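The working numbering puts the first residue of the sequence shown at 3, with every later residue one more than the last.
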Amino acid sequence: MRGLSGRRWWFASGLVLAVALAALVPTTGDFGLTYDEPAYRYSQVLSAQWWEQLARARTGADLEKLLDPDALLYYWPYARFGINFHPPLAGQLNWLTYELFGSFMKDIPARRMASVFEFALTVAILFGFLTSRYGSWAGGVAAGSLLLMPRLYGQAHLIDTDTPGLLLWAATAVAFWKGLYDPKGWRWRIAVGVLVGL
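Below, the structure written as C-alpha cells:
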C-alpha cells in the first residue's frame, strides 16, 4: 500500500492531532492529584520567579546575581531528590502551559496541558511516520491504539516526565530513520543529536 505524502499527509496528520486533542483536553482536570505533582509545581513556581527576575535584569550585576550558584540552586530545584526527579525541560513546558491557560483553567489542569499536547503530538508523529510508509490504515490503527491505551491515556493527564520523554523518544526515532534514508539526511542526524540531548 502506498503511503500519503505532501498536503494530504499534512492534512491527515493535523486531523489526527486534532482528534487526539479532542479526546484528551476535556478530561484534563478529571484526574486526582498525584503524590509528586505538588513538588513538581513548586519547582515550576521557583523557576518562574527566576525567569521574572531575569526579564527585569538591567545590569551585568543583576545577571551575575541570578547566575550565582546559590541562586541557581535555590530557583532551579530540579533533581534535588534524585536524578529521576523532574528534569527542567518537562517542568518548563508545564509552566508554559500554565502561563497560557492558567487564566481560565485551574492551576494543576493548566500545568497538565503540557502532557496533553505532548501525548497528542506523539500520536500524530506515530500516525505520520507509519502513514508515509504503509498507508493511512496502518497509521490510523497505530495512532488509535496508542491514544486509547488506558495507561498512556491516563499518564497524558499528569504532570510527569514520562509523557515528554515519550514525545522526545518518538521524535528521535523518526529523525534517526529519516537521517538514514532521507536524501538530505544530515539535517535529521543533527536533529537526533539535539533530541537525544533534550
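Ideal Cβ placement from N, Cα and C applies to all residues, glycine included.
The structure displayed is predicted, hence computed values, not measured ones.
Exercise for the section: Examine the Cβ distances between the region 14-30 and the region 122-138 and report whether three or more of them are shorter than 8 Å. Expected result: Contact annotation: the region 14-30 touches the region 122-138, with at least three C-beta pairs closer than 8 Å.
Exercise for the section: Please say whether F33 and G156 have beta carbons closer to each other than 8 Å? Expected result: By the CB criterion at 8 Å, G156 and F33 fall inside the cutoff.
Practice task
Kindly indicate which three-state DSSP category A158 falls into: helix, strand or coil?
Solution key: Under the three-state reduction of DSSP output, A158 falls in the coil class, being neither helix nor strand.
Exercise for the section: Could you say which of L154, V196, A116, A175 lies nearest to L132 if we only look at CA atoms? Expected result: Nearest to L132 by C-alpha distance, out of L154, V196, A116, A175, is A175.
Exercise for the section: Please say whether A177 and A193 have beta carbons closer to each other than 8 Å? Expected result: Taking a C-beta distance under 8 Å as the contact criterion, A193 and A177 qualify as a contact pair.
Exercise for the section: Whole angstroms is fine: what's the gap from P71's alpha carbon to Q94's? Expected result: Straight-line measurement puts the Cα of Q94 at about 20 Å from the Cα of P71.
Exercise for the section: Report the residue from L170, V118, S147, A145 whose alpha carbon sits nearest the alpha carbon of P28. Expected result: It is V118.
Problem - Extent of the continuous alpha helix (DSSP H) run through V198 - result: For V198, the enclosing alpha helix (DSSP H) stretches over residues 187-199.
Exercise for the section: State buried or exposed for P1, treating a residue as buried only when at least 16 other CB atoms are found within 10 Å of its CB. Expected result: Given that the chain is displayed from residue 3 to residue 200, the structure contains no residue 1 and the question cannot be resolved.
Exercise for the section: Spell out a yes or no on whether the region 95-114 and the region 36-53 are touching, meaning 3 or more CB-CB pairs, one atom from each, closer than 8 Å. Expected result: With a cut-off of 8 Å, the region 36-53 and the region 95-114 count as touching, because enough Cβ pairs lie within range.
Practice task
Counting only runs of 4+ residues fully inside the region 76-143, write out the alpha helix (DSSP H) ranges in chain order.
Solution key: Here the runs fully enclosed are 90-103, 109-136.
Handout entry: Y76 versus G31 - alpha carbon distance
Key = As the crow flies, the alpha-carbon of Y76 is around 30 Å from that of G31.
Exercise for the section: Could you check what DSSP says for G16 in three-state terms: helix, strand or coil? Expected result: The three-state secondary structure of G16, taken from DSSP, is helix.
Problem - Same chain only: Cβ atoms within 7 Å of V198, ignoring 5 sequence neighbours per side - result: Short of 7 Å from the beta carbon of V198, and not among the five residues preceding or following it, lie these beta carbons of its own chain, in chain order: T174.
Problem - Backbone CA spacing between Y183 and G5 [nearest angstrom] - result: Rounded to the nearest angstrom, the two C-alpha atoms are 16 Å apart.
Practice task
Compare the beta carbon distance of F121 and L26 with 8 Å and say whether it is the shorter of the two.
Solution key: One thing to note: F121 has its Cβ within 8 Å of the Cβ of L26.
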